[in-house]
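Residues in the sequence shown are numbered from 51 upward in steps of one, following my numbering. A virtual CB, placed ideally from N, CA and C, is assigned to each residue, including glycine. Before any comments, here is the structure.
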Amino acid sequence: MATVICALQPLMDVLSFWQAELGMSNVLTLALRFGVMLVVALMGFCLSRQKKIYIIAGVICAALWAGHCWACLQKGYLDPFSDLVNYARVVQMPLFAVCFITFMKRNPRVFEGIKRGFAANFLIITAVLVLSILTDTCRPTYDLSWLGFMGWFSTSNAQSAIMSMLTPVVVWMAYESKRWWLIWVTVAAAYLQLFYIGTRLAFAAMVATTIGLTFTFLVTRHVDWKRIAALFVALIIAAGCVQYGPMYKNRNYYSDYTSTQQGYISQEMEEAMGGQEDFLKNFDKLNDAEKRYVLAPIYTFYTKDLCRRFTVNTVIEAYDYTYTVSDLTNARDRKITYCLLLQQEHPEVSKLFGMELGRMTWNDKNYDVENDFHGIYFLFGAAGLGLMIAFLGYFVYLILWALKKDAKKYFTPTAGAFGISWCIAIANAYFTAGVLRRPNSSFYLSL
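Structure below.
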């Protein structure tokens, strides 16, 4: 059962990708995901010997949703159904975590099914990537520069997070098989995919997997340097070839763009200040009104939609009068700024229970933030963020308590591999919106 539930995740992602490519509705994949979620929840509840845990969790989720609806109604609801769907996506991870704990308590062999599921998903994703490249239908990681390989998967941050979470587990499984050729093949396949996905967090996952697993094997005395060597060889090759990879090239393109644009900004500011020498130093001496006069044309060009939505002066103040083009063109910062300004227009209760997702789209552009923890705060307020942190923190507490109680018993290669995967997931959630609010990737965190 666990293997099947796992294997459904990449298959639904591929189906969703082709629905989007063919201009079809995503109703089918949405129904499938909610169907799987409902079946897992019902099975967990029915099998559990502590049903009060499910009831308490349900009451907490219902209370948060009621508070969120109340906050949204203060401003006026645009699309309650889409908001509910978004809420279900966030709730899926803790729900699945509780259910799989129940499954493993009732049947310890479920964990073997999870391991097979990780291996199956790794093989499915690898096969899909190869097939997409051979058929010239591979989606790039970076749309503007057309760099990176993602296969038939739609969201770069989520796919990067998924491969990053899978890697330490499948590498550990290959290592435990004691087949030297399998560890080399697995590491090569995993690190190649992370390299060509080309995100910085994918590279960080290679480093975390190499160092983390080596440390784990050393501490648990499961060292075989012939197999561990595969990790270091792959990492050294990746580091040596980084300048030829999509991440480095994309960063160079962006750096060249910002350098050119910064020159235009300097020229614009110099003209606005009457051609003064050392105009950048003199800019800091201007009062706020004079600074806004100088910066207004720059902000109108680089943050046009924000200025139209919130006025130029408001946006300039929100950016603290910066004239650095990397700040003004940073998509993550822009979306956070949008949501902060949007929150100021809402009642105070929105800080506690969040804002409607539909409010974060303006002029056909989506300003839902690209950081999961920020996103949960803006969407479900301090209450939602607090509950999520408390849920994740509870497992951190359990891990630390177990290690303090008997580190030799609980710190095993298995625990190390899944622990590395968990840490990678949290890092991706902090820096991107690719985990906690994406059901395809949050699924792995729940395991």
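Asked                                                                                                                   : Found
First through last residue of the alpha helix (DSSP H) which encompasses Pro190                                         : No alpha helix (DSSP H) holds Pro190; DSSP gives it neither H nor E.
Simplified DSSP assignment, three categories, for Lys335                                                                : coil
Residue burial classification, Asp338 (beta-carbon count within 10 angstroms, cutoff 16)                                : exposed
Closest residue to Glu71 among Asn136, Thr205, Ala346 and Gln311 (Cα-Cα distance)                                       : Thr205
Every unbroken alpha helix (DSSP H) inside the region 260 to 310 [4 residues or more]                                   : 275 to 290
Rounded separation between Gly484 and Lys459 - CA only                                                                  : 33 Å
Straight-line gap, Met32 to Thr379 (C-alpha atoms, nearest Å)                                                           : Residue 32 cannot be examined here, being either before or after the span of the chain that is shown, 51 to 497.
CB of Ile233 within 8 Å of CB of Ala240, strictly                                                                       : no
Residue span of the alpha helix (DSSP H) that contains Glu406, given as start and end                                   : Per DSSP, Glu406 belongs to no alpha helix (DSSP H) and is neither H nor E.
Test item: CB-CB of Pro347 and Ile174 under 8 Å                                                                         : no
Leu486 vs Ala477 beta-carbon contact at 8 Å                                                                             : no
Close Cβ partners of Thr464 (< 8 Å) along its chain, the five nearest in sequence each way excluded                     : Trp222
Euclidean distance between Cα positions of Glu162 and Met51                                                             : 11 Å
Any non-hydrogen atom of the ligand FAD within 7 Å of Met213 CB                                                         : As far as ligands go, the structure on display features none, and thus does not contain the ligand FAD.
7 Å CB neighbourhood of Ala57 in its chain, flanking five on each side removed                                          : Gly167, Ala170, Asn171 and Ile174
Any alpha helix (DSSP H) of 4 or more consecutive residues that is wholly inside the region 344 to 374                  : 354 to 360 and 362 to 368
Span of the alpha helix (DSSP H) around Val237                                                                          : Trp230 to Ile247
Whole-angstrom C-beta distance between Trp202 and Ser182, which should lie under 8 Å                                    : 5 Å
Neighbourhood of Ser496 by C-beta distance below 6 Å, restricted to the same chain and skipping five residues each side : Met143, Phe146 and Ala147
Simplified DSSP assignment, three categories, for Trp412                                                                : strand
Within 8 Å, strictly: CB atoms of Phe253 and Met297                                                                     : yes
Exposure label - Trp231; buried when at least 16 CB within 10 Å                                                         : exposed
Residues that DSSP places opposite Gly201 in a beta bridge                                                              : Arg189
Test: Phe199 CB closer than 8 Å to a CB of chain C                                                                      : As a matter of chain content, chain C is missing from the structure shown, which is built from one protein chain.
Outcome for Ile426 when other beta-carbon atoms lying within 10 angstroms are tallied against a minimum of 16           : buried
Stretch pair the region 297 to 314 + the region 368 to 383: three plus CB contacts closer than 8 Å                      : yes
Opening and closing residue of the alpha helix (DSSP H) in which Pro60 lies                                             : Ala52 to Glu71
Within 8 Å, strictly: CB atoms of Phe401 and Gln393                                                                     : The residue asked about is misnamed: residue 401 is Lys in this sequence, not Phe. Taking 8 Å as the Cβ cut-off, Lys401 and Gln393 qualify as a contacting pair.
Where Gly469 sits in the DSSP three-state scheme                                                                        : helix
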